[in-house]
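Residues are numbered in my numbering as their position in the sequence shown, beginning at 1, plus a constant of 31.
Where is the CB? At the ideal position from N, CA and C, for every residue including glycine.
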Amino acid sequence: MFDFEKILNLPSPLAPLTDTAFDEKALKVYVKRDDLIHAQISGNKWRKLKYNLLQAKSKGYSKLITFGGAHSNHLYAMAAAGKYLGFETRGIIRGDELNENSSITLQYAHQCGMHLLFVSREAYREKENLLSIYRKDDEYIVPEGGSNALAMAGVAEMYQEITSQLGYAPDYIFCPIGSGGTMAGLINVTDQTRIMGVCVLKNAEYLETEILNLIENKVNLNKKNFRFFHDFHQGGYAKNKPELKSFIEWFQQKHGFDIEHVYSGKMFYAFYELLKTEIRPDSTVVLIHTGGLR
């Protein structure tokens, strides 16, 4: 249906991360470099889009509609997917004060041919109502952040890659939480690995319920196998306090690859802060670099 291999780097690399701080606890730490899957359709955004796009194509849709904010990596990735894979795309954008030049994300989406519909932040909360107004019958709906049941299969493939590359299941996986699909997908496929979710939004405890709603096997769910961390949002989505800026500069200089302040920077920062208190000695830890804009 699609020849993904021509444009995507899969499986993404699993790269060791070294630091004397890890040696003190005899930790093996790796970064799952999903940011290297594609320059624009990167990270967990591709993982969550893959089976949504395949279903849209199988049902005969050539047009997609979705939701996002000014800095939405999902919106950015979906606009790119439309450009490279031949879909027409429309995005309903939170913030009627915005325009196509308000952010790098919106500029790029516009350049890819995505049609942008700007609505008030109040109206944006009622997505079903917005779809009843704006969605056309020939448009396939991709949810905000791409997080739905179809996204779970794509995230499962990431976990399968990790275990294949390591040769065993890691003790911990850290991932950022935006809409919750990546964490839910990881919880779905393992009871051997503890999933550590770092929320990048402020006052987002509601996401715990949304993640649990996406989990398939609720009967045998072991809640000791995952944790939510709500103290690393830096003031809210896309916010960036001085301590995070300093950390990102230090991290990039030390480890030699880029991270950004919206998702991956907060997750790596949280890992370093939680290293002494939350990680058992002699463990293997995988940090999911979900891509994103700098």
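| request: Please confirm if the stretch 190-198 is in contact with the stretch 270-279, defined as three or more CB-CB distances below 8 Å between the two stretches. | output: no
| said: I need the straight-line Cα distance from Ile208 to Ala87, nearest angstrom please. | reply: 25 Å
| request: Determine the extent of the alpha helix (DSSP H) in which Arg78 is found, giving its start and end residues. | output: 74-89
| task | Could you pull out every unbroken alpha helix (DSSP H) segment of at least 4 residues lying fully inside the stretch 207-276, listed in chain order? | result | 212-220, 237-245
| Can you tell which of Gln265, Asn256, Leu95 has its C-alpha closest to the C-alpha of Met298? | Gln265
| In terms of DSSP beta bridges, what is Val186 paired with? | Partner(s): none; Val186 has no beta bridge.
| field | Coil, strand or helix - His141 by DSSP | value | helix
| Which value, in whole angstroms, describes the spacing of the CA atoms of Arg166 and Lys249? | 33 Å
| request: Grab the span of the beta strand (DSSP E) containing Leu48 for me, first residue to last. | output: 45-48
| Going by other Cβ atoms of all chains shown within 10 Å of its Cβ, with 16 needed for buried, is Arg78 buried or exposed? | buried
| said: I need the straight-line Cα distance from Tyr82 to Ser73, nearest angstrom please. | reply: 15 Å
| CA-to-CA distance, Asn132 to His292, given in whole angstroms | 20 Å
| query | Can the beta-carbon of Ser134 be found closer than 8 Å to that of Ala101? | reply | yes
| query | Of all the options Leu217, Thr213, His69, Asn244, which has the alpha carbon lying nearest to the alpha carbon of Pro201? | reply | Leu217
| request: Return yes when at least one heavy atom of the ligand COA lies under 7 Å from the C-beta of Gly113, else no. | output: With respect to the ligand COA, the structure shown offers nothing to examine, as it has no ligands at all.
| Expressed to the nearest angstrom, what Euclidean distance is found between the alpha-carbon atoms of His69 and Lys37? | 11 Å
| message | Within 10 Å of its beta-carbon, does Thr321 have 16 or more other beta-carbons around it, so buried, or fewer, so exposed? | response | buried
| said: Can you tell me whether Glu153 is helix, strand or coil according to DSSP? | reply: helix
| query | Does the stretch 142-162 come close enough to the stretch 109-124 to have 3 or more Cβ pairs within less than 8 Å? | reply | yes
| request: Have a look at Glu55, Ser103, Glu170 and flag the residue whose alpha-carbon is nearest the alpha-carbon of Gly91. | output: Glu170
| With 16 other Cβ atoms within 10 Å as the buried cut-off, status of Asn160 | exposed
| message | Going by DSSP, what residue range makes up the alpha helix (DSSP H) through Lys94? | response | Element bounds for Lys94: not the alpha helix (DSSP H) but the beta strand (DSSP E), 94-99.
| field | Where His105 sits in the DSSP three-state scheme | value | helix
| If you follow the alpha helix (DSSP H) that Glu309 is part of, which residue opens it and which one closes it? | 295-309
| task | Please work out which residues of its chain come closer than 7 Å, Cβ to Cβ, to Phe53, disregarding the five sequence neighbours upstream and downstream, and give them in chain order. | result | Val60
| request: Go to Lys167, then tell me how far its beta strand (DSSP E) extends in each direction, as first and last residue. | output: That residue, Lys167, is in no beta strand (DSSP E); it is neither H nor E in DSSP.
| beta strand (DSSP E) segment containing Thr315, residue limits | 315-320
| Apart from the five residues just before and just after Ser295, which ones in its own chain have a Cβ nearer than 7 Å to its Cβ? | Pro207, His320, Thr321, Gly323
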